[in-house]
Amino acid sequence: MSMTSAASRISVVFLWSSVELAYGMVEETTEGKHSALPGFAEMKALLLVYVVSISLVAILTVGIYHKRGVGTCAAIMLYLMALSTMSVLIRNCYVNHDFKFPEFLTATHFLATAMVGSTILLCRYAKTGQEIKVPSKERFFKHIVPVAFAFVTSLGLANYAILFSNAHFYEMASSTTPLFTAFLAYILGHDFDLRLVLPLTIATAGMVVVGFGETVFSVPGFVCCTGAVFLRSVKATVQNMLLKGRDDVRLDPVELAVWISVVCFVVMSAWSIMSSGAEPFRHIMAPSHPFCFAAVLLTCACATILNISALFVLQELGPVVQQIVGQLKGVISCLGAMAVFDEVITVQQKIGYVVMLVGVAWYNSRDMALKAERKEKEATFDETSRLTHSKV
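With numbering that gives the first Met the number 0, the residue at position 163 of the sequence shown is 162, and numbering never jumps.
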């Protein structure tokens, strides 16, 4: 069973259940027949199962990351829920509303993130007086703009990678993102401890085993996968620099989300205009697609949560762990698929998930121990320096 297909099927149930619960009825098709989807009572039961699956992943998350605090665990759960739901909401636009304009859809996601983030910053300023940081011209063109282009290009390459190969191959290639990110952080001198390589390798190996299946290899697919993984690593690394840089250049997650989203919106809007023109607007306003606008808004809401929560996770855990955490969404998919569709999870996948969880837990534990050790050494050094200066 592919993680991608499982996530799509599970989230379709979740999405349709929400619609059923909201309207309290089963919509009839244009031919006057009832929808082929399960009925209202069954939908409520399936929704319950999906919620239970998410709860189990929440327990796993708290078990692994509880020492990092409640805020970190909450950010991780928001990130995972948005990540596991995003693809199906986009697919809902493509399939159920025939809205096949990915560039326009992505542009609206960045616009929504910029608008919501700006509102948060303005409200915070009005309430607390905290200034909104504006990056310098140098910082904007050397960091913000490259991150935005890396973000947009990685999305495009990922789509082409799936087109030229298949989901299994893309999942396997994407599983190496944490290793790419760690390598990039190390060569740039961004404080990656080589003692973390073994648990990181184990976690990555587990992800690769889970994604392994009937892969379709092609040179264009491999090039696109490699490019997408590399640019994703670049994006996470540079974002981490902006979140943890010097005080005069450091941005908080909401500020960073706003500035990056503004640039991404401009780039994606130009791309959308060149590829689709005004057709997306005509499609949304067409009477034949009355709920298309609402479906697009739903993806914007999810994308906003995803974009902002991802930066909070990045700030708390760093770029490598953020990439690892993102792989936990597959656990939600498989738990839901087992319960809802009675699908069989292969021995290979079970082994892969166990290995991945062991690697993630070990990496987190080792990472925290090394940081505590580093702080202790710094405190000892500061104390020694203070005593030396006092004697002098």
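We treat Cβ as the ideally placed atom computed from N, Cα and C, and that holds for glycine. Predicted, not measured: the structure shown is a model, and the values here were computed from it.
Checklist entry - Taking buried to mean at least 16 other C-beta atoms within 10 Å of its own C-beta, is V94 buried or exposed? => result A residue is called buried when at least 16 other Cβ atoms come within 10 angstroms of its Cβ; V94 does not meet this threshold and is exposed.
Next on the checklist: So, under 8 Å CB-CB, L369 and D192 are touching, yes? Tell me the CB distance rounded to an integer number of Å.
Outcome noted: Between D192 and L369 the Cβ distance is about 5 Å, and since that is below 8 Å, they are a contact.
Checklist entry - Contact check, S308 vs A147 under 8 Å by CB: the rounded distance? => result That pair is no contact at about 19 Å.
Next on the checklist: For D366, count the other beta carbons within 10 Å of its own beta carbon; 16 or more makes it buried, fewer makes it exposed. Which is it?
Outcome noted: Counting every other CB atom within 10 Å of its CB across the protein chains shown gives D366 a total of 16 or more, marking it as buried.
Item to check | Residue from N363, L356 and I259 with nearest C-alpha to V319 | outcome: Ranking the options by Cα distance to V319, first place goes to N363.
Checklist entry - If you count every other CB in all the chains shown that lies within 10 Å of the CB of K328, and 16 or more means buried, which is it? => result K328 sits buried, since 16 or more C-beta atoms from the chains shown fall within 10 Å of its C-beta.
Item to check | Assigned exposure category for E112 - 16 Cβ within 10 Å defines buried | outcome: According to the sequence displayed, residue 112 carries Thr and not Glu. T112 comes out buried.
Next on the checklist: Please state whether the Cβ-Cβ distance between A74 and E315 is less than 8 Å.
Outcome noted: In this structure, E315 lies closer than 8 Å to A74 by Cβ.
Next on the checklist: Is it buried or exposed, H65, if we count other Cβ atoms within 10 angstroms and call 16 or more buried?
Outcome noted: Counting every other CB atom within 10 Å of its CB across the protein chains shown gives H65 a total below 16, marking it as exposed.
Next on the checklist: Spatial neighbours of E30 within its chain, please: C-beta separation below 7 Å, excluding the five flanking residues on both sides.
Outcome noted: Confidence at E30 is low in this model, with a pLDDT of 43, below 50, so the placement of that residue should be treated as unreliable; the coordinate-derived value is given next. So no residue of the chain qualifies.
Next on the checklist: So, at 8 Å on beta carbons, what are the nonlocal neighbours of K243 in its own chain, with the 5 sequence-adjacent residues on each side left out?
Outcome noted: Counting only Cβ-Cβ distances below 8 Å, and skipping sequence neighbours, we find R249 and Q314.
Item to check | Residue interval of the alpha helix (DSSP H) (run including G226) | outcome: Residues V218 to L242.
Item to check | Own chain, CB closer than 7 Å to R67, minus 5 neighbours either side, in chain order | outcome: Within the same chain, Cβ atoms closer than 7 Å to the Cβ of R67 are found at E315, the five residues on either side in sequence being excluded.
Item to check | For T175, the three-state DSSP class (helix, strand or coil) | outcome: In the structure shown, T175 falls within a coil segment according to DSSP collapsed to helix, strand and coil.
Next on the checklist: Using C-beta distances below 7 Å, list every residue in its chain close to M355, excluding the 5 sequence neighbours before and after it, in chain order.
Outcome noted: A202, G205, M206, V209 and Q326.
Item to check | F221 versus D251 - alpha carbon distance | outcome: Taking the CA atoms as reference points, F221 sits about 35 Å from D251.
Item to check | Cα-Cα separation between P279 and G62, rounded to whole angstroms | outcome: C-alpha separation (whole angstroms): 44 Å.
Checklist entry - What separation, rounded to the nearest whole angstrom, lies between the Cα atoms of S232 and V359? => result Distance between the alpha carbons of S232 and V359 is about 18 Å.
Checklist entry - Among F182, G70, K349 and S287, which one has its Cα closest to the Cα of D97? => result Nearest Cα to D97 within the set F182, G70, K349 and S287: S287.
Checklist entry - Taking the C-alpha atoms as reference points, what is the distance between K126 and I89? => result Between K126 and I89, the C-alpha separation is close to 36 Å.
Checklist entry - What does a CB cutoff of less than 7 Å around T176 pick up in its chain, not counting 5 residues either side in sequence? => result Shown here for T176: same chain residues with a beta carbon closer than 7 Å to its own, the five before and five after excluded, namely V228, R231, S232 and Q322 in chain order.
Checklist entry - Based on Cα-Cα distance, which residue from S83, S271, F163 and F109 lies nearest to F103? => result It is S271 whose Cα lies nearest to the Cα of F103.
Next on the checklist: If I measure Cβ to Cβ from V144 and keep anything under 8 Å in the same chain, skipping five residues before and after, which residues do I get?
Outcome noted: Cβ neighbours of V144 within its own chain (closer than 8 Å, five residues either side excluded): V262.
Item to check | Span of the alpha helix (DSSP H) around Q322 | outcome: Where Q322 is concerned, the enclosing alpha helix (DSSP H) stretches over P318 to G325.
Checklist entry - So V324 packs on Y78, CB below 8 Å; how close in whole Å? => result Correct: roughly 7 Å between the Cβ atoms.
Checklist entry - Can you round the beta-carbon distance between F150 and K234 to whole angstroms, since I take them to be within the 8 Å contact cut? => result That pair is a contact at about 5 Å.
Next on the checklist: Tell me the DSSP secondary structure of R249 in three-state form.
Outcome noted: When DSSP states are grouped into helix, strand and coil, R249 belongs to the coil group.
Checklist entry - How big is the Cα-Cα spacing for L110 and S117? => result Answer to the nearest angstrom: the Cα atoms are 10 Å apart.
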